[in-house]
Amino acid sequence: MSTPQSPSVASTSFMDPKVVMSIKSLELRAKVIVNGFRTGLNKSPKHGFSVEFSEYRQYTQGDDPRFIDWKLYARTDRSFIRLFEDETNLRCYIVADFSNSMSFGSLGYTKHDYSRSIAASLAWMLNRQGDAVGLSLFDEKVRMVVPARYRPGQLRRIMVTLEEPTSGSETNPEHALEHAARRLNKRGFVVLISDLLAPVEQFEAGLKLLRGCGHDVIVFQVLDPVELDLKIDGPRLFEDLETRQKIYADPEDTNASYIQKITAHNEAVQAVCEKLGAAFVRTVTNEPLEMALSEFLHARRIRR
Amino acid sequence: MDFLAPFFAAIGVAAASIPIVLHMLRRAPTQDMPFSVVRFLKPSQPKLTKRSNIEHWPLMLLRILALVLIGLGFARPFLREVVTTESDGDVVQAVTILVDKSASMRREGIYEQVQQIVRETVDELGDQDQLSVVAFSDTTVRLLDREKWTAANSGERSALIEGVVDTYEPDWMSTNTGSAMRIAADELAQESQERLNISRRRLVLITDFQRGSDLDELQSGNWPANVEVELKTVAPKVKGNVGVSFVQDSRVDRTRVRISSAGDTVQQEFQLSPFDASGAAVGQPIKVTVAPGQRRTLILPPVDPALGKSVVGVELIGDEHPFDNLIDLPEVENPVVKVGHIGPSSVNDPESMRYYLQRVLDGNQERDVNIVDLTRDDGVVLPIPADVKFVVATDVVPAGLLDSLGKFFERSGTLLVAAPSVDTVQSLSKFLPVNFEVKEAKVDDYAMLAYIDFDHPLFSAFSDARFADFSSIKFWQHRNLVFSEEDRADGDWSVIAKFDSGTPAIVDVSVGESGKLTLFAAGWQPTDSQFALSTRFPPLLTRVLSLASPVQKDQLVQTVGDVIRPGELVSSADWSIQFPDKSTQTAAEIATLAREASGATSASSDLQAATVKLYEPGRYIITGKSGDEEYSVLMIAGLAASESQTEMLPVGQLQVLGIGVESETNELPGELIGAEKELANGQLSSNELERRQKWWRWLLLAGLACLIVESLWASAIERRRAAEVV
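So the protein sequences, as listed, match chains E and B. Just so it is clear: in the first sequence, position 128 is 129 by my numbering, and no numbers are missing. Just so it is clear: in the second sequence, position 541 is 544 by my numbering, and no numbers are missing.
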């Protein structure tokens, strides 16, 4: 098998993903990625964290009497309670694919390693900004959920959850996206990280629901270079990581048709994202991880 | 080179072509590769490439060699020309022919086969070979000595063998094959040390190898490695056998017999025909159904007393092999015993002695007891019936009964008197010593039995310390019996037990020549004592009954082969024994014969301790003389039950016991014609040659060695190839 080469990173200020992936601690890795990305950017102070008054609402039985506005009561002789803006200005859900197909990797690390590094970096960055971050892991169904919060220990919980190994016999993003739509009762931001090799229809249905609820969505499709070009020497007995199906194939024979199929699939995925107004980023695992952060902030800026 | 299983050699050679084909063919190397999107791949056909040139010639040859060697090993090869044949002058073999002569060898057709096999075995021997012939059943008998054989010339030898064949006759004993084989093998092994020129030791076992043979002896110790066993089995013309044997019953008035059918029996319906002393059938034959391999025990129906006959044996009809179909049985003399009673006949009054007497005798396990009341409540007195040998008196004996009692004593009758009053004892004064007095005893609180003569037959059963305590029985009142010491010296009376006051409690009095009167000085009913309520009472009363009225003659049941001491059975040194064939031998004659047999010269021998072995089934009568009196004991010897188990054991039974056996079944001796016989012999010698040479071990070892070298070589090539790729 030919070893896919990383794109030349010397010309950019980003780090070689191989070096970053060699850091064992996920939290430290996320910190390195984010700090590397921030180098050169103006560090912005925390903003948007305020306890600003939002509106009044008539007091009903069961409300906490602490929030009754007594001055207003004195003025109007009616009980109102004061509602405040949320503590954070962004609620973000990272929906990460943990199916077995993510355990493929030809660069010494897997797509799973790469995608959770992205997830960890995003979580670390958002947490630092004071935003509420949640996490949901899925294979054929939703496996683990960390609700979106901004509070001490939240980042730690996300990091620990991200240490989970891959599982499952298929990938179905529909359930995961539907679940995220239910969890986010206010408008929020959903980051989907997956190889999206499942049938497009499932993905489309989930994405449609999420967009229908008004959430902003950014889709990271993480792929290994070999998955794109099938550059392998000699015939192999290919074993599907999820279904365990075995196929004897010679890349020499099957390369052309494979590339045709995978390209058509990827284009279909991208088309769905564009049609439904979700930001789409295809990340190949030999690309620097910081690119993902950059794409995220870009998408975020557009959505604001 | 020949093969015992050439089929495996063919397989080995055929398998040798496999490595050649594999070396010519090469499948496209494939590696497993886990992948994420297999569904986008198009399957390809695996490609096989043919090569005209062979890589790794030596490796291929090594693989071929390994397969061929292993195939040859399994084919069990042997070389004919290397082995010296038995007829070679240098090889001397010691052969012991062990011939079974147990009772089961009496079956029809076996005798001729034994003769034939002995002759055949001897014919195969060379001039230098040494032979001994031993017959065995439960013990061994030497029919032909090795020294005699060695000393004889060829003419004398054939006469010797004919002599052996003629003298061979089955006996009635059980089969102890294990012991006989062990003795013969030890003797053969011993000779290997004494005679250095012997290179082969063979034990030829000629037997029916029945299931009933005793092989226990072979289980202990190791079989001598240099003694080969050749098993030559014989079988009767008709398979199967059914035997009948006597089974001891808990009740002596019942006769139980067991019919055992061997596993290979075909017949299932049989008849049991009881016969009397004259040999005539008694009653109707009894139909019995016994399935093959099963056994059935049945109780013979009692004989109608009106016939006036008693059964002395039973014959099984319907079996092909009569040797175990006839048994002698102990005669049942008094199936129901009668006991006379003098006293109130109130059976249901717990205050009366009759009440307790009835309960004890009703519970008799050995036989049924009828109590005959001799005095009625209306005063009528019945004479004592002639078949009553035991009478119990629990009250005053009416004067009208005294004459009848006198005759009863003359008939060796026994009277047990339990005296509830002084009058009871006095009513019997006619039979008691003249200087005898009786009066009511003064008992302060209660009396106990203080002295008991445990040597007396009445109490001998209680002599063990666990049962010897009679002190718990309290006597509220009793009679004082006063005898004169002069009479005691004459042997007229003897005290069996005494009260704690020293007065006699139980006394034995002799009446006339053979009559006996046992006198209890107290009643056993609750007003007199606690005797009837104690656990000692039933066995004591049963003991009195069995002493007074024995159920049958002294009959002992033994098995053929047992050794008995007749002198001790009749307690006399002057005895004689009558054998089943009615011949009689005295103790002196038997002792003389024994002395001659053992070669002892000393004339002094204890005739009472002289032994007799029971050689045949049937009735033995041992008569002992003591002064003018004669006393006879009847003994019945039956065939050992194991002899009826005639189905043949598997030949592997000896191999299980660690003895390598070369079997030659001789079931159809007459049907083997010359060519077939030679073929059979050839096959046998092939087996033997192969077993001696054991080429297969070396071939398998060489094959395995080839495989090990091949594995190491192949892995080295693989490593080198991997290194080149990197």
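Every residue, glycine too, gets a C-beta built ideally from N, C-alpha and C.
- Around the beta carbon of Thr178 (chain B), 16 or more other beta carbons lie within 10 angstroms, which makes this residue buried.
- Within the same chain, and ignoring the five residues on either side of Pro325 (chain B) in sequence, no residue has its Cβ closer than 6 Å to its Cβ.
- Not a single C-beta of chain B is nearer than 9 Å to the C-beta of Ala272 (chain E).
- Here the segment 228-235 of chain B makes no contact with the segment 247-265 of chain B; the two share fewer than three CB pairs at distances below 8 Å.
- Considering only B:Ala280, B:Val498 and B:Ser532, the residue with the shortest C-alpha distance to Val446 (chain B) is B:Ser532.
- Relative to the Cα of Phe11 (chain B), the nearest Cα in the group B:Val566, B:Leu68 and B:Phe77 belongs to B:Phe77.
- Under the 9 Å criterion on CB atoms, Arg79 (chain B) is classed as non-interfacial with respect to chain E.
- Taking a contact to require three or more Cβ pairs closer than 8 Å, the segment 169-177 of chain E and the segment 131-146 of chain E qualify as touching.
- DSSP places Thr255 (chain E) inside the alpha helix (DSSP H), whose first and last residues are Pro252 to Leu277.
- Here the alpha carbons of Phe81 (chain B) and Leu692 (chain B) stand approximately 7 Å from one another.
- Taking C-beta atoms as the reference points, Thr378 (chain B) and Ile345 (chain B) count as a pair closer than 9 Å.
- By the Cβ test, the segment 441-457 of chain B is not in contact with the segment 409-421 of chain B, since fewer than three Cβ pairs between them sit closer than 8 Å.
- Taking 7 Å as the Cβ-Cβ cut-off, the segment 246-267 of chain E approaches chain B at Gln246, Ile248, Tyr249, Ala250, Asp251, Asp254, Thr255, Ser258, Tyr259, Lys262 and Ile263, given in chain order.
- Taken through DSSP and simplified to helix, strand or coil, Cys93 (chain E) comes out as strand.
- Here Leu329 (chain B) is not near Gly321 (chain B), since their CB atoms are 9 Å or more apart.
- Classified as exposed, Trp701 (chain B) has fewer than 16 neighbouring CB atoms from the shown chains inside 10 Å of its CB.
- Following the DSSP letters along the chain, one finds Arg298 (chain B) inside the beta strand (DSSP E) bounded by residues Arg298 to Ile302.
- Every unbroken stretch of the beta strand (DSSP E) spanning 3 or more residues and falling wholly within the segment 478-506 of chain B is given here in chain order: 482-485 and 496-502.
- Comparing alpha-carbon positions, the option among B:Val563, B:Leu596 and B:Lys616 lying closest to Gly641 (chain B) turns out to be B:Val563.
- Using a Cβ-Cβ distance cut-off of 8 Å, the segment 176-186 of chain E and the segment 230-246 of chain E are not in contact, since fewer than three pairs of beta carbons, one from each stretch, lie closer than that value.
- The way I'd put it, the segment 358-367 of chain B doesn't touch the segment 279-295 of chain B; fewer than three beta-carbon pairs between them come closer than 8 Å.
- Three or more beta-carbon pairs separated by less than 8 Å link the segment 205-224 of chain B to the segment 97-109 of chain B, which places the two stretches in contact.
- Within 10 angstroms of the beta-carbon of Ala199 (chain E) lie 16 or more other beta-carbons, which makes it buried.
- Boundaries for Ser157 (chain B): no beta strand (DSSP E) harbours it, while the alpha helix (DSSP H) harbouring it runs Ser157 to Thr170, taken from the DSSP string.
- Proximity of chain B to Leu242 (chain E) at the Cβ level (cut-off 8 Å) is accounted for by Pro37, Phe38 and Ser39, in chain order.
- Along the segment 274-295 of chain E, none of the residues has a CB nearer than 9 Å to a CB of chain B.
- Assignment of beta-bridge partners to Ile82 (chain E) by DSSP yields E:Arg58 and E:Ile69.
- Neighbours of Leu44 (chain B) across chain E, judged by C-beta separation under 7 Å: Phe239, Ile248, Ala250, Thr255 and Tyr259.
- CA-CA distance, Trp175 (chain B) to Ser276 (chain B), rounds to 22 Å.
- The beta-carbon of Gln656 (chain B) is placed no less than 9 Å from the nearest beta-carbon of chain E.
- Residue contact check for Ser718 (chain B) against chain E: no CB pair falls below 9 Å.
- With contacts defined as CB atoms closer than 9 Å, Ile209 (chain B) and Ile289 (chain B) fail to qualify as a contacting pair.
- Shown in chain order are the members of the segment 103-134 of chain E whose Cβ falls below 9 Å from a Cβ of chain B: Met103, Ser104, Phe105 and Lys112.
- In terms of CA proximity to Val35 (chain E), E:Ser122 leads the group E:Ser122, E:Leu197 and E:Glu240.
- For Trp578 (chain B), no alpha helix (DSSP H) segment is defined; the enclosing uninterrupted segment is the beta strand (DSSP E) at Trp578 to Gln581.
- Taking Val102 (chain B) as the centre and dropping the five residues before and after it, the same chain places the C-beta of Val117, Val121, Val136, Val137, Ala138, Phe139, Leu146, Tyr171, Ile209 and Thr210 closer than 8 Å to its C-beta, in chain order.
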